[in-house]
Amino acid sequence: MTTISDPSNTIRDTPNIPVDKAILHIGSSAFINAPSQEVWAALTDTSTWPSWNTFVPRVTIRSQPTPDPSPSTSAPDPTPTPAPESTSTSTPQSTSTELSPILQKGTKFTLHVRMDSTSTKPQPATDVHAIVIECGAPNTEIGKGGYIVWVADSEAPGAFSPSLLKAERVHEFTAVEGGTVVRNWEAQSGWLAYAVRWMYGVKLQGFFEMWVADLKKFVEGGSNTAAGPA
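Position one of the sequence shown corresponds to residue 3 (this note's numbering), numbered consecutively onward.
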C-alpha cells in the first residue's frame, strides 16, 4: 500500500503564496488505483462533477480560451469546432456554441459550492469565481506528472480585490506503482482570509478530504452521486 508523506501538504507553496505567508492553508491527498490520465480526466472534465463531487456538484464555465493544442500546457479540449455554414445576407445565422466543460489554462469558471454537504434539502449555493492559471496534463510515457492551478478571479463581478482575499488552489497528479497519488491544497491571504480561517477553516479541511475521497471512489469505479441539489 502506498504511504503518502505529508498528506495535508502543509509544506507546499502555491505559485504566488508561499506557505509561510498563507493565512489559511489546507490540503488533502489520496492514492487512487488508476492511471493518472484517468484521474486527470475526471477532475478536469467538469461535466463529471455532478456524479462524484459532493462539495462542488455544479460548475458554470464562463469563458474558454482558444484551445492550446500542447498537452504540456493545457488540458485537451474535445469540443469540436463547428464547420462553417453557408449564410445569406438576408438571413443571419447564430454562431453561438456551448462552451467546453474541460478545464484548461485560461478557463474562467464558477464553482457552485455546497457548504452543508450533509443536507439533502435544496440550499443556495455559494458561488466562487475562479480562473485556471497553470495546467499540464500527465504523460506517463515520459514520466511526467500532471498539475492544474486555479485562483480566485478578482475580475469577476462581485469578486473581492486581491488585497482583501487572494486564494490559490493546486491539484497535482503523480504516477506511482499501482496507480496515482493526487494532492490538493489551497492557500489564502488578505484580510478576509482571517475570517475564512476562523469561520470555515476546520470545515473546509473536511471538504478537501471529502474531495479526494469522492474522486477516488468515482475513478476506481464506485458509485457516488453527489448529495442532493445545489
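Built from N, CA and C at the ideal position, the CB exists for glycine as well.
Of the choices LEU45, GLU188, VAL151, whose alpha-carbon is the least far from that of GLU136?
-> For the purposes of this step, residue 136 is taken as the residue at position 134 of the sequence shown. When only C-alpha atoms are compared, the closest one is VAL151.
Nearest residue (CA-CA) to THR109, options ARG116, GLU143, THR68, PRO140 | Here residue 109 refers to the residue found at position 107 of the sequence shown. Out of ARG116, GLU143, THR68, PRO140, THR68 has the C-alpha closest to the C-alpha of THR109.
Alpha-carbon spacing of THR16 relative to ALA32, whole angstroms | The sequence position of residue 16 within the sequence shown is 14, counting from 1. The sequence position of residue 32 within the sequence shown is 30, counting from 1. Cα to Cα, THR16 sits roughly 19 Å from ALA32.
For ARG60, three-class secondary structure by DSSP = Reading the sequence shown from its first residue, position 58 is the one you call residue 60. Here ARG60 sits in strand by DSSP.
Quick one: complete beta strand (DSSP E) runs, 3+ long, within the stretch 117–188?
-> 128–138, 148–154, 168–178
Secondary structure of LYS107, DSSP reduced to three states = On the sequence shown, position 105 is the one that residue 107 refers to. Correct three-state label for LYS107: coil.
With respect to 7 Å, is the separation between the Cβ of CYS137 and the closest non-hydrogen atom of the ligand GTP below this value?
-> Annotation note on the ligand GTP: not contained in the displayed structure, which lists no ligands.
Would ILE34 be called buried (16 or more neighbouring beta carbons within 10 Å of its own) or exposed?
-> The residue given as residue 34 occupies position 32 in the sequence shown. It counts as buried.
Is the CB-CB distance between VAL134 and LEU113 below 8 Å?
-> For the purposes of this step, residue 134 is taken as residue 132 along the sequence shown, with counting starting at 1. For the purposes of this step, residue 113 is taken as residue 111 along the sequence shown, with counting starting at 1. Contact flag unset, no.
Going straight from the alpha carbon of ASN55 to that of SER165, what length do you get?
-> As a position in the sequence shown, residue 55 is number 53, starting the count at 1. As a position in the sequence shown, residue 165 is number 163, starting the count at 1. Approximately 30 Å, taken between the alpha carbons.
Quick one: using the 10 Å Cβ neighbour count with 16 as the cut-off for buried, is ASP205 buried or exposed?
-> Start at 1 with the first residue of the sequence shown, and residue 205 comes out as number 203. Just to set this straight, residue 205 is Lys in the shown sequence, not Asp. Exposed is the call here.
Give the single residue among VAL58, LEU101, ASN141 whose Cα lies nearest to the Cα of GLU40.
-> Position 38 of the sequence shown holds residue 40. Of the listed residues, the one whose Cα sits closest to GLU40 is ASN141.
Top-ranked residue by Cα proximity to PRO103, from LEU26, VAL21, MET117, ALA44 = By one-based count along the sequence shown, residue 103 stands at place 101. Of the listed residues, the one whose Cα sits closest to PRO103 is ALA44.
Below 6 Å CB to CB, which residues in the same chain sit around THR176 once its five sequence neighbours on both sides are set aside?
-> On the sequence shown, residue 176 is found 174 positions in, with the first residue counted as 1. Excluding residues within five positions, the ones whose Cβ falls inside 6 Å are GLY147, VAL183.
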